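**Q** Could you have a look at this structure, given as structure tokens, before my questions?
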């Protein structure tokens, strides 16, 4: 998800961003020019009809539609699920259900996506669309604070996707490491936060939380990680083999 306020840049723009800002179709909240993202999406696995319906209705009806992951990130999630041979996926943060369905489409018939969402209206929106897909039966949603759900879960999960409230990112990451399979991958969204992670002076609470998460992951000797500049930044984190 791209954060609700990600399209506003409330801190001074770094020099590289001012240069990008001169692009015809690049706004201060976009890390990659629109034309480049569209080209990348066009050359990636296509979104399904139901995922497209979720995206289009999200943009028609939701207050913060940019939180939907969209075709390019959805393709990335699907490829990652296939790459690790996922059968059990955990998602923290459902929103309108696009990412959960994109990952479910990559699972075998007996695979499962367990997704956590605190907002009942978002959960209902997602369920309504999942019911239109033959892959919807693979998705199970828990509507409650994610930390409560996570505390009761038992692993292992083959892939964990974190895309929820930023204040708890470090908590989600630490719990994810306890639940992930040794051969699995943890993915964390929005870790560049529209470039605001570069603000070292007086960051807002969400920015500070993401900066802390990035420091924690980068210094964690238990994992190998790469921070990708895909959309709003995705951390790809692999547990080291003991």
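Residue numbers (the numbering used here): 4 to 245.
The C-beta atom is built at its ideal place from N, Cα and C for all residues, glycine as well.
Predicted, not measured: the structure shown is a model, and the values here were computed from it.
My understanding is that residue 195 touches residue 235, with C-beta atoms under 8 Å, so please give their C-beta distance in whole angstroms.
**A** 6 Å
**Q** For residue 88, count neighbouring C-beta atoms within 10 Å of its own C-beta (all shown protein chains included) and say buried if the count is 16 or more, exposed if not.
**A** The residue in question, residue 88, is exposed, as its Cβ has fewer than 16 Cβ neighbours within 10 Å.
**Q** Would you please state the rounded distance, in angstroms, between the beta carbons of residue 40 and residue 75? I believe it to be under 8 Å.
**A** 6 Å
**Q** So for residue 75, helix, strand or coil by DSSP?
**A** DSSP places residue 75 in helix when its eight states are reduced to three.
**Q** Can you name the start and end residues of the alpha helix (DSSP H) that residue 208 belongs to?
**A** 208-221
**Q** Thinking C-alpha only, which one of 121, 95 and 186 is nearest residue 192?
**A** 95
**Q** What's the call for residue 21, buried or exposed, on a 16-neighbour Cβ count within 10 Å?
**A** Confidence at residue 21 is low in this model, with a pLDDT of 35, below 50, so the placement of that residue should be treated as unreliable; the coordinate-derived value is given next. Counting Cβ neighbours within 10 Å, residue 21 comes out exposed, since fewer than 16 surround it.
**Q** Using only CA atoms, which one of 217, 49 and 71 lies nearest to residue 201?
**A** Nearest in C-alpha terms to residue 201, of all of 217, 49 and 71, is 217.
**Q** Can you grab the Cα-Cα spacing for the pair residue 109 / residue 82, in whole Å?
**A** 8 Å
**Q** Can you give the Cα-Cα distance for residue 227 and residue 215, rounded to whole angstroms?
**A** Distance from the CA atom of residue 227 to the CA atom of residue 215, rounded to whole angstroms, is 17 Å.
**Q** Closest to residue 106 by C-alpha separation, out of 98, 91, 119 and 120, would be which residue?
**A** 91
**Q** Determine which residues share a DSSP beta bridge with residue 183 and list them.
**A** 160
**Q** In terms of alpha-carbon separation, which member of 161, 48 and 183 lies closest to residue 115?
**A** 161
**Q** Considering just the uninterrupted stretch of the beta strand (DSSP E) at residue 132, what are its terminal residues?
**A** Segment 123-133 is the alpha helix (DSSP H) holding residue 132; no beta strand (DSSP E) there.
**Q** Buried or exposed for residue 210, going by 16 or more other Cβ atoms inside 10 Å?
**A** buried
**Q** Where do the ends of the alpha helix (DSSP H) carrying residue 150 lie?
**A** 149-155
**Q** Just verifying my parser: in three-state terms, what is the DSSP assignment at residue 87?
**A** The three-state secondary structure of residue 87, taken from DSSP, is coil.
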